[in-house]
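Those protein sequence lines, which keep their order, are chains R and E.
Quick note: the first sequence uses the working numbering, first residue 5, plus one each step.
Quick note: the second sequence uses the working numbering, first residue 60, plus one each step.
Cβ coordinates follow ideal geometry from the N, Cα and C atoms, glycine included.
Predicted, not measured: the structure shown is a model, and the values here were computed from it.
The block underneath contains the structure these notes are about, expressed in C-alpha cells.
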Amino acid sequence: MTDLLYYLSIPLIQNMFAATVLACVLCGAVGAYVVVGRKVAVTGGIAHTTFGGVGFAYYVMSVYGVSWMSPMAGALLFSMAAAVAIVIGRRTDGVREDTVIGALWAVGMALGVVFMCYMDRSVIVPSSYESILFGNMLLIDSGKLAVMAAVTAVSMAAVLFFYRDLRIITFDRVHAKVSGMNVTALDLVLHVLIAVTCVLVANVVGIVMVIALMTVPAAMGSLFSRGMAGTMAIGTAAAIALSLLGLLLSLAMDTPPGATVVLVIGTVFAAVLAVRRLALGAAVGE
Amino acid sequence: MADGPLISLRGVSAGYGRGTVLRDVDLDINRGDFMAVVGPNGGGKTTLFRVMLGLIVPSAGTVEVMGMPPREGCRRIGYVPQFGVFDRGYPVYAEQVVRMGLRGRQGMLPRRTREQEEAVRRAMEYADVTSFGGRRVGEMSGGQMQRALLARALVSEPEILLLDEPTASLDPSVRGEVHRVLAKAAGDGITVVMITHGLEGIAHCVNRAVRVDGTVSEVCPSALTGAVCGGGLL
C-alpha cells in the first residue's frame with residue numbers, strides 16, 4: 005500500500021492516470037459510434053496505420069530536423085489520412101471497404117518499419133517497437149498531456165455538435181442520404197474522430213490494443229442503456245473505472261500497464277456477458 | 060407541375076458497375092396513384108426505387124421528381140426501406156427514429172421548434188406509434204418497427220411514399236397494422252408506391268401496378284389478386 009501511494013506521488017505516474025482518463029472520455033463517446041456503427045475493423049485499420057506515422061515522424065525529425073514534428077503528430081497525420089482514404093475507398097466503385105482497411109492496416113505497419121529503418125538513430129533514439137505497439141505510459145510528459153487534453157476537448161466538442169447527425173448516419177445512412185443530409189461529410193467527421201481517438205488511446209495501451217478500449221466499454225454501455233447518450237455515458241464510466249483499476253493493478257503487480265488494462269476490461273466484459281446470459285436465461289425460464 | 064407526373068422516367072437504363080439491371084424504362088407516377096411494384100427477385104424493383112431516389116445515376120435516360128433532379132426532388136419523398144436492414148441492437152427508441160425524419164430539413168444548427176414537435180406528435184399518432192414511442196428498436200415487434208419507419212417517412216409531410224416491401228417478413232396478423240396506415244395516407248392524398256410480393260389485405264387501395272423484370276410493364280392490379288381484371292383500374 006505504501007509503495008502504491010509512493011508511485012501515485014510521482015508526476016509521470018500522475019500523467020499516466022490523467023492521460024488514461026482523457027483517452028477514456030473520448031473512447032466512451034466515439035467508441036459508442038464504433039460499436040453501433042460496426043466500425044471495429046475501421047478502428048483496427050486506422051490504429052495500425054498510426055505506426056507508419058510514428059515512423060515517419062522519427063524519420064523527418066532525425067533526417068530533416070523538422071522540429072515541430074513529434075511521434076504523436078505523425079500518428080495524427082497518418083491516422084487522419086487513413087480515415088480519409090477509407091471514406092474515399094467506400095465511395096469508389098468495385099472497391100470493398102474491408103479491402104481498403106486491410107491494405108491500410110498492413111501498409112501503415114510496413115511504412116513504420118521502413119521509416120524507422122532509415123531514420124538517423126545518432127540524432128534521435130526512438131521508442132522501442134514494444135513501447136509503440138503495446139504502450140508505454142511512462143513516456144507521457146506534461147507537454148504530451150497538454151496536447152492530449154486539447155485534442156480531447158476539440159474532439160468532444162465535435163462529438164456534441166454532430167451527436168444527432170452521426171446517430172442518424174450510423175442507424176440508416178440511406179435514409180439520411182435521401183432526406184438530404186451530406187452523408188459523405190458526416191462520414192469524414194466520424195472517421196476523423198475515430199482516427200484522433202485511436203492516437204490518444206494508442207498512447208495509453210499501445211497501437212495493437214487500441215481496439216479493446218475503443219469497443220469493449222462502449223459495448224458494455226450499449227448492453228445497459230436504452231439510448232445513445234446512455235451508451236456513451238456508461239461506456240465512458242466503464243472505460244475510466246476499468247482502466248484506472250488496471251493501472252492500479254499494474255503498479256501493484258509490476259505488470260505492463262497497457263496489457264493489464266486490456267486484460268481487466270476483457271475479463272469484466274466476459275463476466276458481464278456471462279451474468280447477463282444467466283439472467284436472461286432465468287428470465288425466460290431456461 | 061400540378062398536373063404533370065410526380066415522378067417521371069424516360070428511357071432510363073441503370074445498374075451497378077458494368078451490369079445493367081433496368082433497360083429503357085418509361086414510367087410516370089401521378090398524384091393519387093397507389094402503385095404496387097411487383098416482379099421476381101433480382102428483377103430491378105429496388106434498383107427502380109434507387110433511381111427515383113437519386114441513389115443511382117442512370118446510365119441512360121432522364122429522371123424527374125416533381126420536375127427536379129432526383130437528388131433534390133427526393134426530399135419530398137418519404138422513403139421506407141426494407142425492415143430487415145436494421146440493426147435491432149441499435150440504442151435508439153421509436154420516438155427518436157421518427158424525429159430523424161426531420162433532420163434533412165433543419166440545416167446546420169438544428170433547433171427544436173414548436174412546429175417540429177407538433178409534426179413529430181402528429182406523425183406518431185398517424186402511424187399509431189405514440190403508445191410505444193419510448194421503446195427501443197430491439198424491443199419493438201416487426202409491425203411496430205415498420206410503423207415507426209412509416210412515421211419517420213411521414214413526419215416531413217411528403218407528397219409521395221416509397222416503400223420497399225413494407226410487410227415482408229411480417230406475420231399476416233400484423234400486416235394489417237401497416238396496411239391501415241398506408242390506406243389512411245392514400246386517403247389523405249399521399250401518392251404511394253410500394254414494392255410487394257402480394258396484395259393481400261391492401262388490394263382495395265391499389266389502383267395501379269407495374270411488373271419489374273429488367274424493364275417495367277403495367278399490369279392489371281386485379282390480376283395480381285387472382286381476380287378478373289375489371290374496367291377502370293388501368
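The beta-carbon separation of residue 163 of chain R and residue 34 of chain R, rounded to 7 Å, stays under the 8 Å limit for a contact. In this structure, the CA atom of residue 210 of chain E is about 20 Å from the CA atom of residue 169 of chain E. Residue environment: residue 127 of chain R is assigned as exposed (fewer than 16 neighbouring CB atoms within 10 Å of its CB, all protein chains considered). In this structure, the straight-line span from the alpha carbon of residue 226 of chain E to that of residue 171 of chain E is close to 32 Å.
The three-state secondary structure of residue 123 of chain R, taken from DSSP, is coil.
Shown here, residue 225 of chain R sits in a helix according to DSSP, grouped into three states.
Among the CB atoms of chain R, one or more fall inside 8 Å of the CB of residue 150 of chain E. Against chain E, the beta carbon of residue 181 of chain R has neighbours under 7 Å at 114, listed in chain order. In summary, the residues of the stretch 130-142 of chain E whose CB is separated from some CB of chain R by less than 8 Å are 133, 134, 136, 138 and 140, in the order they occur in the chain. DSSP, reduced to helix, strand and coil, places residue 168 of chain E outside both helices and strands of the structure shown, so it counts as coil.
CA-to-CA, the gap between residue 154 of chain E and residue 179 of chain R works out to about 16 Å. For residue 258 of chain R, the three-state secondary structure derived from DSSP is coil. Three or more beta-carbon pairs drawn from the stretch 135-149 of chain R and the stretch 262-271 of chain R are found closer than 8 Å, and the two stretches are therefore classed as touching.
In this structure residue 155 of chain R is buried. Its beta-carbon is surrounded by 16 or more other beta-carbon atoms within 10 angstroms. Residue 269 of chain R is bridged by DSSP to nothing; it lacks a bridge partner. Rounded to the nearest angstrom, the Cβ distance from residue 162 of chain E to residue 186 of chain E is 18 Å, too far for a contact under 8 Å.
The three-state reading of DSSP puts residue 198 of chain R in helix, counting H, G and I together. Residue pairing by DSSP places residue 162 of chain E in no beta bridge whatsoever. When secondary structure is reduced to three states using DSSP, residue 218 of chain E falls in the coil class, being assigned neither helix nor strand.
The beta carbons of residue 26 of chain R and residue 200 of chain R sit no closer together than 8 Å.
In the three-state DSSP reduction, residue 152 of chain E falls in the strand class (E or B).
Residue 36 of chain R and residue 29 of chain R have their C-alpha atoms some 11 Å from each other.
Residue 54 of chain R counts as buried, since at least 16 other C-beta atoms from the protein chains shown sit within 10 angstroms of its C-beta.
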